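Here's the structure, in structure tokens; my notes come after.
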Amino acid sequence: MALAALESTREQFPILKETIRGKRLVYLDNAASTQKPDVVIDTISDYYRHSHANVHRGVHALSQRATDQFEHARRLLQGFINAREDAEVVFTKGSTEAINLVAASWGRTFLQPGDRIMLTEMEHHANIVPWQVVAQQTGAEIIVVPILDDGSLDMEAMAKLLDERVKMVGVTHVSNVLGTVNPILEITQMAHAVGAKVLVDGAQALGHLRMDVQAAGVDFYTMASHKMYGPTGIGALYGRRELLDAMPPYQLGGGMIRSVTFEKTTYAALPDKFEPGTPNIADAIGLGAAIEFLSPRLEDAHHLESELTLYTHERLSEIPGLKIHGTAPGKAGTISFTMADVHPHDIGTILDSEGVAVRAGHHCCQPLMARLGVAATARASLALYNTREDIDVLASALRRVREVFGL
Ligand code: PMP
Numbered sequence: 026m027a028l029a030a031l032e033s034t035r036e037q038f039p040i041l042k043e044t045i046r047g048k049r050l051v052y053l054d055n056a057a058s059t060q061k062p063d064v065v066i067d068t069i070s071d072y073y074r075h076s077h078a079n080v081h082r083g084v085h086a087l088s089q090r091a092t093d094q095f096e097h098a099r100r101l102l103q104g105f106i107n108a109r110e111d112a113e114v115v116f117t118k119g120s121t122e123a124i125n126l127v128a129a130s131w132g133r134t135f136l137q138p139g140d141r142i143m144l145t146e147m148e149h150h151a152n153i154v155p156w157q158v159v160a161q162q163t164g165a166e167i168i169v170v171p172i173l174d175d176g177s178l179d180m181e182a183m184a185k186l187l188d189e190r191v192k193m194v195g196v197t198h199v200s201n202v203l204g205t206v207n208p209i210l211e212i213t214q215m216a217h218a219v220g221a222k223v224l225v226d227g228a229q230a231l232g233h234l235r236m237d238v239q240a241a242g243v244d245f246y247t248m249a250s251h252k253m254y255g256p257t258g259i260g261a262l263y264g265r266r267e268l269l270d271a272m273p274p275y276q277l278g279g280g281m282i283r284s285v286t287f288e289k290t291t292y293a294a295l296p297d298k299f300e301p302g303t304p305n306i307a308d309a310i311g312l313g314a315a316i317e318f319l320s321p322r323l324e325d326a327h328h329l330e331s332e333l334t335l336y337t338h339e340r341l342s343e344i345p346g347l348k349i350h351g352t353a354p355g356k357a358g359t360i361s362f363t364m365a366d367v368h369p370h371d372i373g374t375i376l377d378s379e380g381v382a383v384r385a386g387h388h389c390c391q392p393l394m395a396r397l398g399v400a401a402t403a404r405a406s407l408a409l410y411n412t413r414e415d416i417d418v419l420a421s422a423l424r425r426v427r428e429v430f431g432l
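With my numbering, letter number 208 in the sequence shown gets 233, and the count goes up by one each step, no holes.
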């Protein structure tokens, strides 16, 4: 991306003009949540100013306007991931709720004692805990694919563990700690060969790389708006129609029924069957705006973030005593590190005093932390508005950490 184009992109994020503790904000906590461009903020505000009413059931003009905008956002999402039809896109609160929906609805219906759910050592708690509970409820068993030392998935181990007992493979597209980009097409082909379904947690992927759910052959794909320049409180589940049609509703109430008597309820067609109650209309529309913002920039952003990832690794490797966790080839811009015995929270606090926002902790990946042999890491994560200058500020702030701790 040409520098001028990048500058104009940065201009569109008002928060990047903030100063933090008197310093220019260097925002490197994008894996937790990205910042929002004007167009997303304005779209939400315009919606409430000019178009708000409840969707779907109204005959009046505002309700129709809100419904049109809400359903338009669904079609934008459908196009963005290349789903076959918009009904295969179910709005949820985020990736967490989307995984819970599949675990509870598909899992409780189709899993039996002796069945296996295959997860990986790099999963976020959101793609572990719902499966654990469903395993307890159904008598299914969880098996775990290990990672290699560079943070890539051990595909040989996966091949050995995969047999017809495995009914579901739950895998993250991009690791929120290691930055590893998993080979989704290869995984779906291997899983389908033994009759297993594949759920891909796309929370960390969609803001950074182009995903085609049909080409990748995934059965379920989960999305988090707030990590792709969209608002919080909204996300989506993609599911193949055949699977979603066969699944019972996850939550029950108004808006998801065809008819109700006290004796019996029949359910609405997709996607309404999985969207009871008043949905998060404004943020769905805001997510639509984020997709319109992101989609034309995605390839450039991917290229820029890949270069910046290499640069970050280079600059951080120059710092004595700093260890990067996750060096898989082609990794995304999520760089976790530890520094000698310094607690990651102390690293985060000192960086904050320099205006640099990173995250420190277990990143909701305690099993992965155990595999890495650390309690926590500090994590810098990139987005399309980050620059080499941001990384230079990070590197000098990390040298400050060394000074403070007398390293
Ligand atoms: N999976 C991964 C890999 C994540 O990084 C996160 C967010 N930390 C989630 C799931 C949860 O996503 P959401 O915030 O949309 O519920």
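All residues carry an ideal CB built from backbone N, CA and C; glycine is no exception. Here the structure is a predicted model, which means the values were calculated and not measured.
Residue i classed as buried or exposed, judged by whether at least 16 other C-beta atoms fall within 10 angstroms
i: Leu269; result: buried
i: His328; result: exposed
i: Arg384; result: buried
i: His388; result: buried
i: Lys192; result: buried
i: Ser406; result: buried
i: Phe116; result: buried
i: Gly139; result: exposed
i: Lys61; result: buried
i: Thr163; result: buried
i: Val285; result: exposed
i: Gly302; result: exposed
i: Ala98; result: buried
i: Gln137; result: exposed
i: Glu288; result: exposed
i: Ser70; result: exposed
i: Arg404; result: buried
i: Ile40; result: exposed
i: Gly227; result: buried
i: Thr334; result: buried
i: Ser421; result: exposed
DSSP beta-bridge partners of residue i
i: Arg384; result: Arg404
i: Ala261; result: Phe116 and Met248
i: Leu347; result: Met364
i: Glu166; result: Arg141
i: Val158; result: Answer by DSSP bridge pairing: none, since Val158 is not bridged.
i: Val206; result: Val199
i: Asp54; result: Ser406
i: Thr44; result: Arg49
i: Thr2; result: Only positions 26 to 432 of the chain appear in this structure, which leaves residue 2 out of reach.
Distance between beta carbons of residue j and residue i, contact taken as under 8 Å
i: Ser76; j: Met272; result: No, Ser76 and Met272 are not in contact; Cβ-Cβ is about 32 Å, not under 8 Å.
i: Leu224; j: Ile124; result: 7 Å
i: Leu319; j: Tyr254; result: 6 Å
i: Leu102; j: Ile375; result: Going by Cβ atoms, the distance from Leu102 to Ile375 rounds to 40 Å, so no, they are not a contact pair.
i: Arg265; j: Glu113; result: 7 Å
i: Pro256; j: Gly311; result: 4 Å
i: Ile259; j: Ala309; result: 5 Å
Where residue i falls: helix, strand or coil (DSSP)
i: Glu332; result: helix
i: Thr437; result: Residue 437 lies beyond the stretch modelled for the chain, which goes from 26 to 432, so this question has no answer here.
i: Tyr38; result: For the record, residue 38 in the displayed sequence is Phe; it is not Tyr. Correct three-state label for Phe38: coil.
i: Gly195; result: strand
i: Lys185; result: helix
i: Ser284; result: strand
i: Asp371; result: helix
i: Thr352; result: coil
i: Asp174; result: coil
i: Arg49; result: strand
i: Val127; result: helix
i: Val223; result: strand
i: Tyr73; result: helix
i: Thr59; result: coil
i: Thr291; result: strand
i: Thr92; result: helix
i: Arg424; result: helix
i: Pro296; result: coil
i: His97; result: helix
i: Asp179; result: coil
i: Met394; result: helix
i: Asn152; result: helix
i: Ala228; result: coil
i: Phe105; result: helix
i: Glu32; result: helix
Handout entry: Three CB pairs or more closer than 8 Å across the segment 111-125 and the segment 138-158
Key = yes
Exercise for the section: Please determine if the segment 354-361 and the segment 36-43 are in contact, where contact requires at least 3 C-beta pairs separated by less than 8 Å. Expected result: no
Practice task
Could you tell me whether the segment 250-266 touches the segment 333-348, where touching means 3 or more Cβ pairs closer than 8 Å?
Solution key: no
Practice task
Kindly confirm or deny that the segment 279-298 and the segment 140-147 touch, where touching means at least three C-beta pairs closer than 8 Å.
Solution key: no
Exercise for the section: Pair every Cβ in the segment 390-399 with every Cβ in the segment 214-228, then say whether three or more of these pairs are closer than 8 Å. Expected result: no
Practice task
Pair every Cβ in the segment 229-246 with every Cβ in the segment 99-117, then say whether three or more of these pairs are closer than 8 Å.
Solution key: yes
Exercise for the section: Mind the definition here: the segment 344-356 touches the segment 200-210 only if three or more C-beta pairs lie below 8 Å; say whether that holds. Expected result: yes
Practice task
Decide if the segment 407-426 is in contact with the segment 77-86; the criterion is three or more beta carbon pairs, one per stretch, under 8 Å apart.
Solution key: no
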